[in-house]
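Chemist:
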Amino acid sequence: MSVNWTNSRAKRLSALPPYVFARLDELKALARKEGLDLIDLGMGNPDGFAPRPVIEAAIQAFETPQFHGYPPFEGTASFREAIAKWYDRSYGVELNPDNEALPLLGSKEGLSHLALAYVNPGDVVLVPSPAYPAHFRGPLIAGATLYPIILKAEQDWLIDIDSIPEDVAKQAKILYFNYPSNPTAAVAPREFFEKIVAWAQHYEIMLVHDLCYAELSFDGYQPTSLLEIPGAKEISVEFHTLSKTYNMAGWRVGFVVGNSDIIQGLRTLKTNLDYGIFSVIQKAAETALQLPDEYVKQVQERYRQRRDFLIKGLGQLGWDIPPSRATMYLWVPCSVGMTSTDFALSVLQKTGVVVTPGNAFGEGGEGYVRVSLIADIPRLGEALQRLEDAGIRYQ
175 MSVNWTNSRA
185 KRLSALPPYV
195 FARLDELKAL
205 ARKEGLDLID
215 LGMGNPDGFA
225 PRPVIEAAIQ
235 AFETPQFHGY
245 PPFEGTASFR
255 EAIAKWYDRS
265 YGVELNPDNE
275 ALPLLGSKEG
285 LSHLALAYVN
295 PGDVVLVPSP
305 AYPAHFRGPL
315 IAGATLYPII
325 LKAEQDWLID
335 IDSIPEDVAK
345 QAKILYFNYP
355 SNPTAAVAPR
365 EFFEKIVAWA
375 QHYEIMLVHD
385 LCYAELSFDG
395 YQPTSLLEIP
405 GAKEISVEFH
415 TLSKTYNMAG
425 WRVGFVVGNS
435 DIIQGLRTLK
445 TNLDYGIFSV
455 IQKAAETALQ
465 LPDEYVKQVQ
475 ERYRQRRDFL
485 IKGLGQLGWD
495 IPPSRATMYL
505 WVPCSVGMTS
515 TDFALSVLQK
525 TGVVVTPGNA
535 FGEGGEGYVR
545 VSLIADIPRL
555 GEALQRLEDA
565 GIRYQ
């Protein structure tokens with residue numbers, strides 16, 4: 175007997191738009207099968223090793239029997255304490271490690287599960303467009319009614335909360351947002367955070383801020399933590415990951431901090447879904463957060479050099495891209511008359527260079543592609559040469 179299980183899938187899956195990254199993986203696999211040498215600047219997947227002290231801490235923990243059992247649901251006490259100390263050192267934000275910090279299996283997991291913990295079917299969730307896909311896919315899985323806030327280049331890709339109708343604001347339960355931004359690389363001044371906190375307090379909206387690019391900043395710019403703003407902790411949580419700064423994307427470790435009641439709801443859900451993070455990885459992550467500032471400066475300098483090199487090279491091909499002040503991305507307009515998907519596919523097929531179409535991040539990303547700074551300068555130079563040889567220019 176043959177059963178068509180496709181038709182038996184939960185209705186919540188039908189609400190999800192196609193996942194462009196999965197489609198890109200299929201196209202990349204096909205291209206490699208055909209012998210094409212790909213230069214993958216698509217995903218935000220850092221190149222290189224995790225820091226040596228982190229690896230050594232993991233090896234030592236591997237050799238300790240106590241780290242091989244089930245970890246505590248709330249994460250190890252030492253990792254939570256390291257998180258609290260890191261926030262105090264980085265932002266002057268005091269956290270109670272017992273109830274205001276929760277380790278996660280990467281920030282994506284936590285961002286998505288938070289929606290399951292707090293969103294009922296039909297609840298209104300505000301999400302910028304473009305946005306990191308987990309910011310809208312998690313709420314969609316939970317049955318949310320999404321209200322997309324279309325971001326605009328002329329507004330520096332910042333959320334214009336004044337554009338949100340009052341009837342929508344009164345219904346809204348949660349606002350997800352992310353500065354420094356994936357995918358636009360936009361940054362937000364402190365005044366923006368102050369305004370959004372006051373607005374959310376007025377309408378009693380939960381703020382969910384994704385600060386995963388906090389340390390990847392350049393030219394003297396220091397990103398703001400939402401929790402620096404007075405009163406923010408009453409209505410907010412903030413997510414962070416070790417994937418980017420510490421080259422630990424495959425380790426799957428991050429954390430959420432902020433309002434203890436909000437965090438407790440997420441913790442309650444997670445105790446029914448997973449057993450937390452392997453204690454070995456928590457020990458390694460704890461070590462990462464204790465690395466000296468010099469390590470972060472080296473990472474920043476590496477990405478700054480790649481940013482400058484790629485902006486200069488794209489400038490010679492007709493693009494005028496302002497230097498991003500943070501993140502590991504450039505937000506690049508497509509050639510006139512081409513959709514994001516058409517442009518990204520054309521670049522892939524003609525050159526073997528992989529970029530991510532902007533519409534993967536929502537309708538507000540149409541007309542752009544995201545380029546990740548995840549290759550060394552010689553490889554970026556080869557990518558630029560391939561674009562030039564294929565006649566791909568901004569026009």
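If you read the sequence shown in our numbering, its first letter stands for residue 175, the second for the next number, and so on. Beta carbons: idealized from backbone N, C-alpha and C, even for Gly. None of these values were measured; they are calculated from a predicted model.
1) Looking only at DSSP bridge pairs, what is residue 214 linked to?
2) Hey, how far is the Cα of residue 429 from the Cα of residue 541?
3) State the Cα-Cα distance for the pair residue 352 and residue 385, rounded to the nearest angstrom.
4) Have a look at 185, 468 and 214 and flag the residue whose alpha-carbon is nearest the alpha-carbon of residue 195.
5) By how many angstroms is the C-alpha of residue 393 removed from the C-alpha of residue 240?
6) Excluding five sequence neighbours on each side, which residues of the same chain lie with their C-beta closer than 6 Å to the C-beta of residue 458?
7) Tell me where the alpha helix (DSSP H) around residue 505 begins and ends.
8) Using three-state DSSP, classify residue 412 as helix, strand or coil.
9) I want to know whether the segment 490-505 touches the segment 404-412 - three or more CB-CB distances under 8 Å.
10) Just to confirm the assignment: which complete alpha helix (DSSP H) runs, minimum length 4, are found wholly within the segment 301-342?
11) Can we count residue 249 as close to the ligand ATP, meaning its CB is less than 7 Å from some heavy atom?
12) Could you tell me how far apart the beta carbons of residue 455 and residue 524 are, in whole angstroms, since I believe they sit closer than 8 Å?
13) For residue 440, count neighbouring Cβ atoms within 10 angstroms of its own Cβ and tell me buried if that reaches 16, exposed if not.
14) Does DSSP classify residue 539 as helix, strand or coil?
15) Could you check the C-alpha separation between residue 371 and residue 268 for me, to the nearest Å?
16) Taking just the CA atoms, how far does residue 319 sit from residue 366?
17) May I ask which residues mark the beginning and end of the alpha helix (DSSP H) holding residue 459?
18) Residue 293 and residue 321 - do their beta-carbons sit closer together than 8 Å?
19) For the candidate residues 426, 276, 449 and 256, whose alpha-carbon lies nearest to that of residue 242?
20) Looking only at DSSP bridge pairs, what is residue 383 linked to?
21) Taking residue 396 as the reference, give the member of 364, 417, 299 and 412 with the closest Cα.
22) Quick one: using the 10 Å Cβ neighbour count with 16 as the cut-off for buried, is residue 466 buried or exposed?
Modeler: Looking at the atomic coordinates:
1) 528
2) 33 Å
3) 6 Å
4) Sorting 185, 468 and 214 by C-alpha distance to the C-alpha of residue 195 places 214 at the top.
5) Using only the alpha carbons, I get a separation of about 44 Å.
6) Taking residue 458 as the centre and dropping the five residues before and after it, the same chain places the C-beta of 228, 231 and 232 closer than 6 Å to its C-beta, in chain order.
7) Careful: residue 505 lies outside any alpha helix (DSSP H), inside the beta strand (DSSP E) at 503-507.
8) strand
9) no
10) 307-315
11) Of the ligands one can find in the structure shown there are none, so the ligand ATP has no counterpart to examine.
12) Incorrect: roughly 40 Å between the Cβ atoms, too far for contact.
13) buried
14) helix
15) Distance between the alpha carbons of residue 371 and residue 268 is about 18 Å.
16) 25 Å
17) 453-463
18) Taking the C-beta atoms as reference points, residue 293 is found no nearer than 8 Å to residue 321.
19) 449
20) 351 and 412
21) 364
22) exposed
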